[in-house]
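Reviewing the structure listed below.
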Amino acid sequence: MRAMKRREFLIVPFAFGGIAMADLPKVQSLDDSLRWLDRLERARSVKAIGAWPLGAVLEHLAQSVEMSMDGFPQPKSALFQNTAGSAAFAYFSWRGHMSHGLAEPIPGAPALGAGADWKPGATRLRQAITRFNAHTGPLRPHFAYGLLSKSDFALAHNMHISNHQDEILVA
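This is the structure in structure tokens:
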């Protein structure tokens with residue numbers, strides 16, 4: 484009998500009542516992200532299967548959107564942003580998705596909550612996206628990618644949210 488992989492172990496119990504978010508369409512726009520939040524709020528059960536509880540994942544995503552307008556607390560050097568950071572963003576953009584350590588906080592960001600209730604995180608993410616969509620002022624440099632246009636920041640946020648969808652189960 485073969486050994487069960489961690490991902491299989493975590494997903495198999497949901498086989499008859501849950502869907503991994505990876506099996507649902509990934510967000511392609513910030514409007515898709517808002518519809519995805521609607522689906523989470525209507526679901527019977529929602530669970531994160533990664534290192535962070537779901538509320539922390541949603542709070543982390545909200546922090547990223549908020550910081551694109553308010554500033555990132557610990558940006559990498561201008562040299563990094565203009566070389567490795569911009570190259571990483573170009574690669575992710577070309578691929579159409581990003582992959583990053585899903586348990587890595589934004590450098591210098593406030594600690595994420597560990598509470599069991601994920602709905603405040605969903606509300607915060609919804610508010611951050613709505614604020615970003617309405618934002619007409621300058622945006623702050625991304626801590627790793629550097630200066631991005633609003634459309635590039637929207638793409639970065641979409642890819643970030645989509646990447647974290649890989650660790651969310653919905654029933």
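Numbering-wise (our numbering), the sequence shown opens with residue 484 and increments by one.
Here a beta-carbon is modelled for each residue, glycine too, at the ideal position from N, C-alpha and C.
Beta-carbon proximity check, residue i vs residue j, cutoff 9 Å
i	j	result
Ala-592	Pro-556	yes
His-639	Tyr-628	In the sequence as displayed, the identity of residue 639 is Ala instead of His. Result yes, Cβ atoms of Ala-639 and Tyr-628 sit closer than 9 Å.
Ala-571	Ala-654	no
Asn-641	Ser-512	yes
Pro-536	Pro-558	no
Gly-538	Gly-584	no
Sequence-distant residues of the same chain with beta carbon closer than 7 Å to residue i, five excluded per side
i	result
Ala-611	Ala-545, Val-548 and Glu-549
Glu-542	Leu-595, Gly-596, Gly-604 and Arg-607
Ser-582	Asn-646
Pro-588	His-543 and Leu-595
Asp-521	none
Exposure label - residue i; buried when at least 16 CB within 10 Å
i	result
Trp-577	exposed
Ser-634	exposed
Leu-562	exposed
Glu-524	exposed
Ser-516	buried
Gly-568	buried
His-580	exposed
Gln-648	buried
Ala-573	exposed
According to DSSP, residues forming a beta bridge with residue i
i	result
Val-454	A query on residue 454 cannot be resolved here, the shown segment of the chain reaching from 484 to 654 and no further.
Gly-629	His-625
8 Å CB neighbourhood of residue i in its chain, flanking five on each side removed
i	result
Arg-623	Met-550, Ser-551, Met-552, Asp-553, Gly-554 and Phe-555
Asp-600	Gly-538
Ser-560	none
Rounded distance between the beta-carbons of residue j and residue i, thought under 8 Å
i	j	result
Ala-586	Ala-534	4 Å
Val-529	Ile-644	That belief does not hold up - the Cβ atoms of Val-529 and Ile-644 are roughly 15 Å apart, past 8 Å.
Close-in-space but distant-in-sequence residues of the same chain around residue i (CB under 6 Å, 5 per side omitted)
i	result
Phe-615	Val-548
Val-540	Ala-531 and His-647
His-625	Leu-631
Gln-564	Gly-629
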